[in-house]
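Asks:
Residue numbers (the working numbering): 507 to 800.
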């Protein structure tokens, strides 16, 4: 069977209708090109070119062969170009699963930095609660997940802490007087609470926190996102736990109030979760390294 190099020579000789020009492009010489074509013709058992003083032209057999060789060579060249772009991170794709809290707190900033450095990489961001995001990772719908603890993952996955944050109990103007004193957990049990749904990692976190102090965590209103908690708090529906970093400016403007507890919740952590045994593209690996860099 003829080698790929013979077909490459045949492709350029046909394209330029000249052995001499083909030799220039291939950094070879005219005798080597002629020799490669002769060997290819010998292996195929037919003439591919009609030679003349003005150059070369294809025989009917050569026309048939060129149609297939051109498709193959151009496909291979396109593949080589695409691989080179991927290696230079000028192409590729990354599917990221993320909890809404992680996106709001820090992840969007890091994704923005990544996109600024590698604009050719296509990003797909799937935003949901931690449990749903983890399920998407298990199904292979995302390349990795950035989610908030607590989380229960399988042994096949690795979880690396990438961010930590503090939450505080906040209330609207109706609860301004509560901000003037420290609240006991008995006081807290009497307040109308707003929290995330029972399937969220936030619900599990506060259910455990409340249980440690002898009371149950049973929000009067369940919200789907932390942004919804903030809106409900501002409209006076109750109090809810909210990331301090996101609340600080609103507290300073007097839009909401931070309520002090006799014991504040522990610092929460956000993890980058992925399968270490999964084969990853260069773009995905770079995104993992980039997001987990701090």
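Cβ atoms here follow ideal geometry from the backbone N, Cα and C, with glycine treated the same way.
(1) My guess is that residue 656 and residue 610 are in contact by the Cβ rule of under 8 angstroms, so how many angstroms apart are they, rounded?
(2) With a CB to CB cut of under 8 angstroms and the five nearest residues on each side skipped, what residues in its chain are close to residue 642?
(3) If you draw a straight line from the C-alpha of residue 672 to the C-alpha of residue 757, how long is it?
(4) Taking 8 angstroms as the limit between beta carbons, can you name the residues of its chain near residue 617, skipping five residues before and five after?
(5) By the three-class DSSP mapping on this structure, what secondary structure does residue 804 have?
(6) Kindly identify the DSSP beta-bridge partner or partners of residue 749.
(7) For the beta strand (DSSP E) that residue 557 lies in, which residues bound it at each end?
(8) Does DSSP put residue 541 in a helix, a strand or coil?
(9) Let me know the secondary structure DSSP gives residue 639 once reduced to three states.
(10) Among 738, 654 and 665, which residue has its Cα nearest to the Cα of residue 712?
(11) Go ahead and pull the three-state DSSP assignment for residue 762.
(12) Inspect the CB distances between the stretch 549-567 and the stretch 516-527 and report whether three or more fall short of 8 angstroms.
(13) Quick check: what's the CA-CA separation for residue 714 versus residue 723?
(14) Taking only the alpha-carbon atoms, compute the straight-line gap between residue 732 and residue 676 and give it to the nearest angstrom.
(15) Could you check the C-alpha separation between residue 597 and residue 571 for me, to the nearest Å?
Replies: Quick answer:
(1) Wrong, their Cβ atoms sit about 19 angstroms apart, outside the cutoff.
(2) 603, 632, 634, 648 and 651
(3) 15 angstroms
(4) 602, 629, 631 and 797
(5) Residue coverage of the chain in this structure runs from 507 to 800, which leaves residue 804 outside it and unanswerable.
(6) DSSP lists 673 as the bridge partner or partners of residue 749.
(7) 555-558 is the span of the beta strand (DSSP E), which, as asked, contains residue 557.
(8) helix
(9) Under the three-state reduction of DSSP, residue 639 is assigned to helix.
(10) Nearest C-alpha to residue 712 among 738, 654 and 665: 654.
(11) coil
(12) With the cut-off at 8 angstroms, the stretch 549-567 and the stretch 516-527 touch.
(13) 8 angstroms
(14) Annotation: residue 732 to residue 676 spans about 12 angstroms, alpha carbon to alpha carbon.
(15) 33 angstroms
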